[in-house]
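Trainee:
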Amino acid sequence: MMKTQTRRQFIKAAAAGLPVAAVGHRLFAGQRSARQPNIVTIFADQMRAHVLGCYGNKMVPTPNIDAMAAAGTTFDNAVSTWPVCSPYRAMLLTGMHPMSNGTVTNDTGLRDDLPTIAKVVKAQGYATGYIGKWHLEWNRTPFVPKERRQGFDFWAVNNCTHRYMDHFYCTDTPEEIRFKGYDAFVQTDLAIDYIKQNRDKPFCLFMSWGPPHNPYNSVPDEYKQRIPLDGIELRENVSERAVVDHLLERDQPSKRLKAQRRQSRAVLENDEQLKKKNIQGYYAHTAALDDCIGKIRAALKQVGLAEDTILVFSSDHGDMVGSHRMALKQMPFEESINVPFLIEYPRAVPRGKRTDALLSPTDIMPTLLSLAGLTCPEVDGTDLSDAARGVASDQQDAVLLMKLLPGGGPYTINGITPWRGVRTKRYTYATLFDHGPWLLYDNQADPYQLNNLIDKPAYAALQAKLETRMRELMIEAGDPGDTSKIMAYRESRRPKKT
817 MMKTQTRRQF IKAAAAGLPV AAVGHRLFAG QRSARQPNIV TIFADQMRAH
867 VLGCYGNKMV PTPNIDAMAA AGTTFDNAVS TWPVCSPYRA MLLTGMHPMS
917 NGTVTNDTGL RDDLPTIAKV VKAQGYATGY IGKWHLEWNR TPFVPKERRQ
967 GFDFWAVNNC THRYMDHFYC TDTPEEIRFK GYDAFVQTDL AIDYIKQNRD
1017 KPFCLFMSWG PPHNPYNSVP DEYKQRIPLD GIELRENVSE RAVVDHLLER
1067 DQPSKRLKAQ RRQSRAVLEN DEQLKKKNIQ GYYAHTAALD DCIGKIRAAL
1117 KQVGLAEDTI LVFSSDHGDM VGSHRMALKQ MPFEESINVP FLIEYPRAVP
1167 RGKRTDALLS PTDIMPTLLS LAGLTCPEVD GTDLSDAARG VASDQQDAVL
1217 LMKLLPGGGP YTINGITPWR GVRTKRYTYA TLFDHGPWLL YDNQADPYQL
1267 NNLIDKPAYA ALQAKLETRM RELMIEAGDP GDTSKIMAYR ESRRPKKT
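Numbers given in my numbering equal positions in the sequence shown, counted from 1, plus 816.
(1) Given a cut-off of 9 Å on the beta-carbon distance, is the pair Asn1138 and Val1054 in contact?
(2) CA-CA distance, Lys935 and His1101?
(3) Looking at chain B, is there any beta carbon in it that lies within less than 9 Å of the beta carbon of Glu953?
(4) So Ala972 is in the alpha helix (DSSP H); what residue range does that whole segment cover?
(5) Rounded C-beta distance between Val856 and Leu1184? I'm assuming under 8 Å.
(6) Could you tell me if Ala1246 is buried or exposed, where buried requires 16 or more neighbouring beta carbons within 10 angstroms of its beta carbon?
(7) Taking only runs of the alpha helix (DSSP H) that begin and end inside the region 991–1019, which ones reach a length of at least 4 residues, in chain order?
(8) If you draw a straight line from the C-alpha of Asp923 to the C-alpha of Lys1145, how long is it?
(9) Contact between the region 1023–1039 and the region 943–961: three or more CB pairs below 8 Å?
(10) I'd like to know whether the C-beta atoms of Leu1105 and Ala860 end up nearer to each other than 9 Å.
(11) For the alpha helix (DSSP H) containing Glu1292, list its first residue and its last residue.
(12) Out of Val973, Thr1125, Thr1178, Gln1003, which one is the CA nearest neighbour of Ala1188?
(13) Within 8 Å, do at least three Cβ pairs link the region 1105–1120 to the region 1000–1011?
(14) CA-CA distance, Pro1182 and Leu1158?
(15) Does the beta-carbon of Glu1151 have 16 or more other beta-carbons within 10 angstroms, so that it is buried, or is it exposed?
(16) Arg1236 by DSSP, collapsed to three states: which one?
(17) With a cut-off of 8 Å on the beta carbons, I'd call Gln862 and Pro1036 a contact; round off their distance for me.
(18) Since Val1060 is in the alpha helix (DSSP H), which residue starts that stretch and which ends it?
(19) Is the beta carbon of Ala1000 closer than 9 Å to that of Tyr980?
(20) Ignore the nearest five residues each way along the sequence and tell me which others in Phe959's own chain have a CB closer than 8 Å to its CB.
(21) What are the uninterrupted segments assigned as beta strand (DSSP E) that are 3 or more residues long and contained completely in the region 1165–1209, given in chain order?
(22) Taking DSSP as the reference, what is the three-state secondary structure of Gly1047?
(23) Taking one C-beta from the region 1205–1214 and one from the region 1235–1249 each time, how about it: are there three or more such pairs within less than 8 Å?
(24) Kindly indicate which residue of Gly1206, Arg905, Gln940 has the alpha-carbon position closest to the one of Asp1172.
(25) Buried or exposed for Asn1267, please, with buried defined as at least 16 other CB atoms from any protein chain shown within 10 angstroms of its CB.
(26) Using alpha carbons as the reference points, say which of Met875, Pro853, Thr932 lies closest to Thr1178.
(27) Is DSSP giving His1029 helix, strand or coil here?
(28) So, with DSSP's three-state summary, where would you put Leu1090?
(29) Which runs of the beta strand (DSSP E), 3 residues or longer, sit entirely within the region 909–985?
(30) Ends of the alpha helix (DSSP H) at Gly888?
(31) Leaving out five residues before and five after Ile1232 in sequence, what residues of the same chain have Cβ atoms less than 7 Å from its Cβ?
(32) Can you give me the Cβ contacts of Ile1011 inside the same chain, cut-off strictly under 6 Å, excluding the 5 residues immediately before and after it?
(33) So, at 7 Å on beta carbons, what are the nonlocal neighbours of Tyr1275 in its own chain, with the 5 sequence-adjacent residues on each side left out?
(34) In the DSSP assignment, what are the bridge partners of Ala1218?
(35) Quick one: complete alpha helix (DSSP H) runs, 4+ long, within the region 1124–1158?
(36) Roughly how many angstroms separate the alpha carbons of Leu1190 and Ser1201, rounded to a whole number?
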């Protein structure tokens, strides 16, 4: 059954059904600092760090995100371990690696028996809510039943969709609640209403926006107008194509896939088409989300919660958007793995700090719980709250990178197959599992990753060291390094049809 409401009607109705967390006592506004802080985690889909002003981009107006960065700590080395949607989300919510949480690739359900961040904070007196994209089920059916919500009570979710201008959400029933207009705006309004309704109790709210994930041009025209085509300058590595040419040459696709690949790559091979069909929209989505961040920060201040809220903005992974003549994600390049991670919490996080600490998705849960003064279960990730506070940055020397299983749009377009890698503060190293050592970049000397150092004699010792560290991290993550074993594990978890 489908139901259509106005945006205002839905927000009003949703607010009426907001759950009340069982807390041991109620505090007046003047006493709020005596209790646990709120946690608001907002993450975009497919936003690379380099698209934001606070990470050096001059072409996209992001004043609100930049203001958030100035008010807190910016992580320059936030890395998406497995740069694709579902695995990131599972790592974010559990603090565990894919072979531990079960979500080894897209459309693979998260295990039910794990202590997710929502379950943990709920047990310690928090209200919990989730708004936006979920993508942690075995299918893309929009409705997610209550028993699969991993500890989140308030719910305004479409499991997996990128129909930004024609969308719907489900709450506690499969009923479709449709809206016209840009979905990130609706989601932001819902988040603001949730914040207002829960102002007198500690809460943990996660909001997942779909943009700037393609389709790139499904964005309000006013934001495209902020990004004139003649003002777009291509990144310096767009014309570098040695890596993608190697991937495509070694692949032997079917005739059907070859035709599909040719069509998909046409825009990537034409600079002007790349600007018009991909980059302008990608930047416009980013500008729209910047306005949303401004609304969230203003709402927190309006209701007097800004001082008592841990506010995070990040993304699940990046987007090549033409760099190295590639598209989408699942690549070890910076455009794919380096994501924004900003944290604002006036009571504990200093203003205007930058840290070079390496941060991966598994580190987010223990870091947030530590900042909130909450108990954290044993997880795979590292507590980086000291890095957020600006007092340490050396908790880990490297982060594991991976593409565990074959397939997906990045294979269709870029020819990429499973790989593993490691990212340190300075270097990126990766090996193709069906080929061998593949990429080695000195990101400090070569920020656009134009000079592949793999197998060069002068870097042999470094290459061997990074290979060894990668293998160590794979063991720690429970990664067998065997595609067939990982596929078998995934299939062993697939629900039996009844």
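Every residue, glycine too, gets a C-beta built ideally from N, C-alpha and C.
Mentor: Looking at the coordinates:
(1) Rather than Asn, the amino acid found at residue 1138 in this sequence is Gly. Yes.
(2) 32 Å
(3) Here chain B cannot be found, since the structure has a single protein chain.
(4) Careful: Ala972 lies outside any alpha helix (DSSP H), inside the beta strand (DSSP E) at 970–974.
(5) So it is not a contact: roughly 10 Å between Cβ atoms.
(6) buried
(7) 999–1013
(8) 16 Å
(9) yes
(10) yes
(11) 1276–1292
(12) Thr1125
(13) yes
(14) 16 Å
(15) buried
(16) strand
(17) Wrong, their Cβ atoms sit about 18 Å apart, outside the cutoff.
(18) 1058–1066
(19) yes
(20) Asn975, Cys986, Thr989, Pro990
(21) 1169–1175
(22) helix
(23) yes
(24) Gly1206
(25) exposed
(26) Thr932
(27) coil
(28) helix
(29) 943–949, 970–974, 982–985
(30) Careful: Gly888 lies outside any alpha helix (DSSP H) and carries neither H nor E.
(31) Leu1063, Gln1146, Met1147, Lys1219, Pro1226
(32) Ala1115
(33) Leu1256, Leu1269
(34) Reading off the sequence shown, one finds Met at residue 1218, where the question assumed Ala. Paired residue(s): Arg1236.
(35) 1150–1153
(36) 12 Å
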